[in-house]
Amino acid sequence: MKKIQFLIAFCSILLINCAKEEVETPTNTGVFTLESSGVVNGVLDKKYTCDGQSFAPPLAWKNIPTGTKSFAVLMHHIPPTGDKHVYYVVYKLPSTVTSLPENNTSIGSFGVNTVNGKNSYTPPCSQGPGAKIYIITAYALSAEPVIPASTTKVTMDVVLDAIKSTTLAKSELSVSYTRP
């Protein structure tokens, strides 16, 4: 009788283990990529500059690295004078957010732009002839950025310092704009 009970238990365990489906944790094999419908052929639409409606451009990212817990987005330009101009600093974006709508004013925490010193997007308005290049960068982070409590202004450099050890991937979108 004990042999039959053992055989039934053994067969039950064997059937249960054979019926289990192997479930793998999905891993992303693509390249983390930043895109914008406000950029066509590398040119920033006028709508997102001081010559247009001054809206923040819509942004989206894909192929999010495994382990991403937060995102940050920065936009800047380095003019010939060498003084970095920062237009957009958004951080503490939850991992569930994979895009920012046009003229975003409510998703994430905003840092200071260097044009008017406000915690918001400010549009490019570079002077002088020719096309200017602006860099928009999205960062996939393994943790939400920790900004020191003593920080009075969250600048691009403050955010970069806060994310340097948690950056899983970054994607840059280099865009140009020529003022009329």
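Quick note: the UniProt record's numbering has the sequence shown finishing at residue 180, numbered continuously throughout. Beta carbons are placed, not taken as given, at the ideal position from N, Cα and C, and that holds for glycine. The structure displayed is predicted, hence computed values, not measured ones.
Handout entry: Cutoff 8 Å; reference Pro145; Cβ partners in own chain excluding five residues on either side
Key = The beta carbon of Pro145 sits closer than 8 Å to the beta carbons of Ser70, Ala72, Tyr91, Lys92, Val159, Ala162, Ile163, Thr166 from its chain, once the five residues preceding and following it are set aside; these are given in chain order.
Problem - Asp45, buried or exposed, once every other Cβ within 10 Å from all chains shown has been counted against 16 - result: By the 10 Å Cβ count, Asp45 comes out buried.
Exercise for the section: Give the DSSP-derived three-state secondary structure of Glu22 in the structure shown. Expected result: Unreliable positioning characterises Glu22 in this predicted model, as indicated by a pLDDT of 36, which lies under 50. The coordinate reading is nonetheless provided below. In the structure shown, Glu22 sits in coil (DSSP, three-state: anything other than H, G, I, E or B).
Exercise for the section: Leaving aside the five residues before and after Val86 along the sequence, list all residues of the same chain whose C-beta is less than 6 Å from its C-beta, in chain order. Expected result: Cβ neighbours of Val86 beyond the five flanking positions: His76, Asn113, Thr114, Met156.
Practice task
Could you round the C-beta distance between Gly38 and Glu102 to whole angstroms and report it? I think they count as a contact, below 8 Å.
Solution key: That belief holds up - the Cβ atoms of Gly38 and Glu102 are roughly 7 Å apart, short of 8 Å.
Handout entry: For Ser36, the residue or residues it bridges with in DSSP
Key = For Ser36, which the question treats as bridged, DSSP gives no partner whatsoever.
Problem - Between the CA atoms of Ala138 and Thr25 - distance to the nearest angstrom - result: Its pLDDT being 34, under 50, Thr25 is placed unreliably by the model, and the measurement read from it follows with that caveat. A straight line joining the alpha-carbon of Thr25 with that of Ala138 spans about 24 Å.
Practice task
Can you tell me which of the three DSSP states Lys47 falls into?
Solution key: Reduced to three states, the DSSP call for Lys47 is helix.
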